[in-house]
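Student: Following this message is one structure expressed as structure tokens.
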Amino acid sequence: MKKIFVCLVCCLSYVFMLAAEKDTNKFGKVSEEEVKMSSFAADTSAVAVVLYEKGSTYYQVNNNNLQVCFDVYAKIKILKPEGADCANIKIRYEDYGPNSRETVQSIDGYSYNYVGGKVEKTRLSKEYIFTENIKEKVFQKKITLPNVKAGTLIEYKYTVMSDFEGSIRSWRFQREIPVCQSIYDVLIPEYFSFNINTRGYCPLETIREPENQTLLLNGGTLTCASQHILLKAKNLPALKKDKFVAYMNDYITSVSFEISGVQIPGAVYKSFAYSWKDVEKQLMDDSDFGGNLKKSGLLKEEVKAIKDSKMTNVEKIQALYELVKSKVKWNEKTSVYNASLKKALKDGVGNSADMNFILINILKDAGFDAYPIVMSSRSEGRLPRANPSINSINYFVVGVDVDDNKYFMDVSRKNAPINVLDDEYLVDMARSFRGVESNLSDWVNLSHINSSSERNVSLIKFENDKMIVEVSSLKTNQLAYDFREQYKKYKNRDEWIESLQNKYGVNIDNYEIVGLDSINKPIFEKFTFNKAASLADSKLYVNLLTLFQEKSNPFTADKRELPVELSYPRTVRNAISIVVPTGFAVEEMPKSEKVAINDKDALYSYLVQNAGESIQLVSSLTFNQTLYPTNEYVNLKDFWSHIVAKNNEQVVLKKINL
-5 MKKIFVCLVC
5 CLSYVFMLAA
15 EKDTNKFGKV
25 SEEEVKMSSF
35 AADTSAVAVV
45 LYEKGSTYYQ
55 VNNNNLQVCF
65 DVYAKIKILK
75 PEGADCANIK
85 IRYEDYGPNS
95 RETVQSIDGY
105 SYNYVGGKVE
115 KTRLSKEYIF
125 TENIKEKVFQ
135 KKITLPNVKA
145 GTLIEYKYTV
155 MSDFEGSIRS
165 WRFQREIPVC
175 QSIYDVLIPE
185 YFSFNINTRG
195 YCPLETIREP
205 ENQTLLLNGG
215 TLTCASQHIL
225 LKAKNLPALK
235 KDKFVAYMND
245 YITSVSFEIS
255 GVQIPGAVYK
265 SFAYSWKDVE
275 KQLMDDSDFG
285 GNLKKSGLLK
295 EEVKAIKDSK
305 MTNVEKIQAL
315 YELVKSKVKW
325 NEKTSVYNAS
335 LKKALKDGVG
345 NSADMNFILI
355 NILKDAGFDA
365 YPIVMSSRSE
375 GRLPRANPSI
385 NSINYFVVGV
395 DVDDNKYFMD
405 VSRKNAPINV
415 LDDEYLVDMA
425 RSFRGVESNL
435 SDWVNLSHIN
445 SSSERNVSLI
455 KFENDKMIVE
465 VSSLKTNQLA
475 YDFREQYKKY
485 KNRDEWIESL
495 QNKYGVNIDN
505 YEIVGLDSIN
515 KPIFEKFTFN
525 KAASLADSKL
535 YVNLLTLFQE
545 KSNPFTADKR
555 ELPVELSYPR
565 TVRNAISIVV
575 PTGFAVEEMP
585 KSEKVAINDK
595 DALYSYLVQN
605 AGESIQLVSS
615 LTFNQTLYPT
625 NEYVNLKDFW
635 SHIVAKNNEQ
645 VVLKKINL
């Protein structure tokens, strides 16, 4: 974030006097009923509830410097021990130096507990306020309110003073806990124009009205016209994490402001309505971004050797990709900017930007057309098409065009081969930056960059009233990456096997795994397990899919407010063969079936055949589409119901006389 107005104070040397709406909620004044409150009837599962929250934004002058003031006050009831985390408040701010910084001021807070028939009040002290450097010029105030437990009422307030006159902070009305009332009160001088964008599905009451204010100016007064915007939301449900929503931030009820222009009295109107080409130019002109795309000569000897080799172009790209990984280890920090590429190479450690900048430069030195692809990560929401903003970009990966094909890379991820990205960056709206003059920059869908598959093969036999199952499984691309990322969370192989046994409810024997450290190859697993045969009245009941069945439908609600978003396209194929034991014959078995959504958005097939001494089943589930809007929810729910019903069907083997 950078300061964009340098002469405005000359025309606006006064203080805005915000006439606030009458409000009974005041800091330091809470009711005994609020402190004694023990449950929330509207959501009995809630661990905490926001009783009241208000943000106010207005402009004022301090030391001849125009500033934006952002006041926050919140009152939250902690209902369960898990809700105590609401007492940890984080406030991000930026500091680029004098007249280009934000400061957090007037931090205060109280914790209220009902003890011995009376209200006990504990004030926030300085020892519970910390400052943390997040990255580059970005900092964070961390506040922990004291004496918090189930039953505690907390309240806090703070002010952020900002030198960035063209930036009004966004406001989230919704949280992961219920919110009774949330208000955002914004006063904008007539000299500024903003695009105002709302998100979410909860209703907002919006009041916009002109307001004449009496302003102080050099000891006198001045009437200034402003736009008063008041946004209110009441009784908002908790927006809980949903594994089928990738871009949760896109659906949180919120409002954001993007500067579009400024009209200083006596001056020509200046537009700040950015296009994505403008954003690209701004980043390319920034020495910490565009400057790092012009660092030729890194790893010069190694790059020359690869360039001059007889490898194919794709093999050369692979070699350069592995070269960066061998020289720099990721410090697990993400960024769009970097400190020094040479320092990262010297120290052997760097953030994601360091590593990806190095990769782009050596790819260029080797003669390849490499470029950054910027994005907003999934957890932060999609890049805005209509209102381009440099502040919405928080990550980039590497693109390279070779032999009419496009390849995508993030060299910071150890387990990611080319054309595989971490799920957080499989976004459907990224933007390639290939030079403002080239006209090649464009939108890129990274959620469909490869085809991922899982193929499971099972052989089922019966011995001594036991069902013995031999399993092999092959995972490719994103599914293989996800497997490796999960595996590394465990201390050793035994812990991993134990987790599988707990997941499937069986004892696993003879476990083998191949390809764990070879990221360009699939993951191959092989193991056996046995369980008691389901024998009753001289009949054997067998579920052919054993470990790989979908036992329940994840979509149970009659309607859904949010779309269903999958991380990437995939196919899961199961091939099962059951050896009919001697003395048994097939009495009953499932019928083959195929179902689909819109012909090919999602496909499921269940094909079963009686081969006499064995039964063969091939089932396949494919998701070609990753986004299913709310109007497709019923179709998706019915589709999954078919899968679950078919997966739970059994083969019946009847004992016969030989």
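Per my numbering, the sequence shown starts with residue -5, numbered consecutively. Ideal Cβ positions, reconstructed from N, Cα and C, are used throughout, including at glycine.
In or out: W634 buried (at least 16 other Cβ within 10 Å) or exposed?
Tutor: Position 640 of the sequence shown, counted from the start, is the residue given in the question as residue 634. With 16 or more other Cβ atoms within 10 Å, it is buried.
Student: At the level of alpha carbons, what is the spacing between E27 and P183?
Tutor: In the sequence shown, counting from the first residue as 1, residue 27 sits at position 33. In the sequence shown, counting from the first residue as 1, residue 183 sits at position 189. If I take the Cα positions, the gap works out to 40 Å.
Student: Identify whether I637 lies in helix, strand or coil by the three-state DSSP scheme.
Tutor: Counting from one through the sequence shown, the residue named residue 637 turns up at place 643. Reduced to three states, the DSSP call for I637 is helix.
Student: Should Y622 and K553 be called a contact, given that it needs their Cβ atoms to be closer than 8 Å?
Tutor: The count along the sequence shown starts at 1 and reaches residue 622 at position 628. The count along the sequence shown starts at 1 and reaches residue 553 at position 559. Cβ atoms of Y622 and K553: not closer than 8 Å.
Student: For the beta strand (DSSP E) holding F402, just list the boundary residues, first then last.
Tutor: Position 408 of the sequence shown, counted from the start, is the residue given in the question as residue 402. It spans 399 to 403 - the beta strand (DSSP E) in which F402 sits, taken as one unbroken run.
Student: Starting from S493, trace the alpha helix (DSSP H) both ways and give me its first and last residue.
Tutor: Residue 493 sits at position 499 when you count from the first residue of the sequence shown. Counting along the chain, the alpha helix (DSSP H) containing S493 begins and ends at 487 to 498.
Student: Pick helix, strand or coil for Q175, following the three-state DSSP scheme.
Tutor: Mapped onto the sequence shown, residue 175 falls at position 181. Of the three classes helix, strand and coil, the one that applies to Q175 here is strand, per DSSP.
Student: Which value, in whole angstroms, describes the spacing of the CA atoms of T328 and F21?
Tutor: Locating residue 328 in the sequence shown gives position 334, counting from the first residue. Locating residue 21 in the sequence shown gives position 27, counting from the first residue. T328 and F21: Cα-Cα distance of roughly 37 Å.
Student: Does the distance from the C-beta atom of V463 to that of T540 stay below 8 Å?
Tutor: The sequence position of residue 463 within the sequence shown is 469, counting from 1. The sequence position of residue 540 within the sequence shown is 546, counting from 1. The answer is yes: Cβ separation under 8 Å.
Student: Rounded to whole angstroms, what is the Cα-Cα separation between S334 and V414?
Tutor: Translated into positions along the sequence shown, residue 334 becomes position 340. Translated into positions along the sequence shown, residue 414 becomes position 420. Going by the C-alpha atoms only, they are around 26 Å apart.
Student: What distance in whole Å lies between the Cβ atoms of F64 and R163, which are believed to be in contact at a cut-off of 8 Å?
Tutor: As a first step, residue 163 is located in the sequence shown; it is residue number 169 there, counting from the start. As a first step, residue 64 is located in the sequence shown; it is residue number 70 there, counting from the start. The Cβ separation is near 5 Å, so the contact holds.
Student: Would a check of beta-carbon distances place I650 closer than 8 Å to chain C?
Tutor: Structure shown: chain C not included; a single protein chain is present.
Student: Can you name the residues that DSSP bridges to R117?
Tutor: As a position in the sequence shown, residue 117 is number 123, starting the count at 1. R117 pairs with Y104.
Student: Count the other CB atoms, across all protein chains shown, that sit within 10 Å of the CB of V645; report buried if there are 16 or more and exposed otherwise.
Tutor: The residue labelled residue 645 in the question sits at position 651 within the sequence shown. Classification for V645: buried.
Student: With respect to the beta strand (DSSP E) encompassing D587, which residues constitute its N-terminal and C-terminal limits?
Tutor: As a position in the sequence shown, residue 587 is number 593, starting the count at 1. Reading off the sequence, residue 587 comes out as Glu, not Asp. 587 to 591 is the extent of the beta strand (DSSP E) around E587.
Student: Given a threshold of 16 other Cβ atoms within 10 Å of its Cβ, counted over all protein chains shown, does T247 qualify as buried or as exposed?
Tutor: Counting from one through the sequence shown, the residue named residue 247 turns up at place 253. Buried is the call here.
Student: Which residues in the same chain as F362 place their Cβ atom closer than 7 Å to its Cβ, once the five residues preceding and following it in sequence are excluded?
Tutor: To locate residue 362, count along the sequence shown from 1; it is residue 368. I311, V394, V396, listed in sequence order.
Student: To which residues does DSSP link V628 through a beta bridge?
Tutor: Locating residue 628 in the sequence shown gives position 634, where the first residue counts as 1. Paired residues: none, contrary to the question.
Student: Can you find the residues in the same chain that come closer than 6 Å, C-beta to C-beta, to Q603, ignoring five residues on each side of it along the sequence?
Tutor: Working through the sequence shown from its first residue, we reach residue 603 at position 609. Hits under 6 Å: Q610.
Student: Pick out the complete beta strand (DSSP E) segments inside the stretch 194 to 262, 3 residues or longer, and give them in chain order.
Tutor: 199 to 211, 214 to 230, 248 to 256
Student: Could you check whether the stretch 434 to 445 touches the stretch 509 to 516, counting it as contact only if at least three pairs of C-beta atoms, one from each stretch, sit closer than 8 Å?
Tutor: The stretch 434 to 445 vs the stretch 509 to 516: no contact.
Student: Which value, in whole angstroms, describes the spacing of the CA atoms of A68 and L45?
Tutor: Start at 1 with the first residue of the sequence shown, and residue 68 comes out as number 74. Start at 1 with the first residue of the sequence shown, and residue 45 comes out as number 51. Answer to the nearest angstrom: the Cα atoms are 8 Å apart.
Student: With M278 as the anchor, note down where its alpha helix (DSSP H) starts and where it stops.
Tutor: As a working note, residue 278 is residue 284 in the sequence shown. Unbroken alpha helix (DSSP H) run through M278: 270 to 278.
Student: On a Cα-Cα basis, can you pick out the residue from K271, M403, E374, V500 that is closest to Y430?
Tutor: Locating residue 430 in the sequence shown gives position 436, where the first residue counts as 1. According to the sequence shown, residue 430 is Val rather than Tyr. Considering only alpha carbons, the answer is K271.
Student: From V109, Y52, E114, L139, pick the residue whose C-alpha is nearest to that of G653; which is it?
Tutor: Summary: the structure shown does not reach residue 653, with the chain confined to residues -5 through 652, and so no result is reported for it.
Student: I need the DSSP call for I311, collapsed to helix, strand or coil.
Tutor: On the sequence shown, residue 311 is found 317 positions in, with the first residue counted as 1. In the structure shown, I311 sits in a helix (DSSP, three-state: H, G or I).
Student: Exposed or buried, N496, counting other C-beta atoms within 10 Å across all chains shown (16 or more means buried)?
Tutor: By 1-based counting over the sequence shown, the position of residue 496 is 502. Flag for N496 reads exposed.
Student: Give the straight-line distance between the Cα atoms of A653 and K515, rounded to the nearest whole angstrom.
Tutor: Nothing about residue 653 can be reported from this structure: the residues present for the chain run from -5 to 652 only.
Student: Answer yes if the stretch 164 to 184 comes into contact with the stretch 97 to 111, meaning at least three C-beta pairs across the two stretches below 8 Å, and no otherwise.
Tutor: The answer is no - the stretch 164 to 184 does not touch the stretch 97 to 111, with fewer than three Cβ pairs under 8 Å.
Student: Keeping to the same chain, check which residues put their C-beta closer than 6 Å to that of I223; ignore five residues upstream and five downstream.
Tutor: Numbered from 1 along the sequence shown, position 229 holds the residue referred to as residue 223. The residues V180, R202, in chain order, have a CB closer than 6 Å to that of I223 in the same chain once the five nearest residues on each side in sequence are set aside.
Student: Taking contact to mean 3 or more Cβ pairs, one atom from each stretch, closer than 8 Å, check whether the stretch 580 to 591 and the stretch 519 to 526 are in contact.
Tutor: no
Student: How big is the Cα-Cα spacing for T620 and L353?
Tutor: Reading the sequence shown from its first residue, position 626 is the one you call residue 620. Reading the sequence shown from its first residue, position 359 is the one you call residue 353. So the alpha carbons of these two residues sit roughly 30 Å apart.
Student: Considering only C-alpha positions, which residue in the set V273, K264, I177 is nearest to R428?
Tutor: Mapped onto the sequence shown, residue 428 falls at position 434. Nearest of V273, K264, I177 to R428, Cα basis: V273.
Student: Could you check where the alpha helix (DSSP H) with I352 kicks off and where it finishes?
Tutor: The residue you call residue 352 lines up with position 358 of the sequence shown. Element bounds for I352: 346 to 359.
Student: Answer yes or no: do V297 and K323 have a C-beta to C-beta separation smaller than 8 Å?
Tutor: Position 303 of the sequence shown holds residue 297. Position 329 of the sequence shown holds residue 323. No.
Student: Are T125 and A81 touching if we call contact CB-CB under 8 Å?
Tutor: Position 131 of the sequence shown, counting from 1, holds the residue named residue 125. Position 87 of the sequence shown, counting from 1, holds the residue named residue 81. In this structure, T125 keeps its C-beta atom at 8 Å or more from the C-beta atom of A81.
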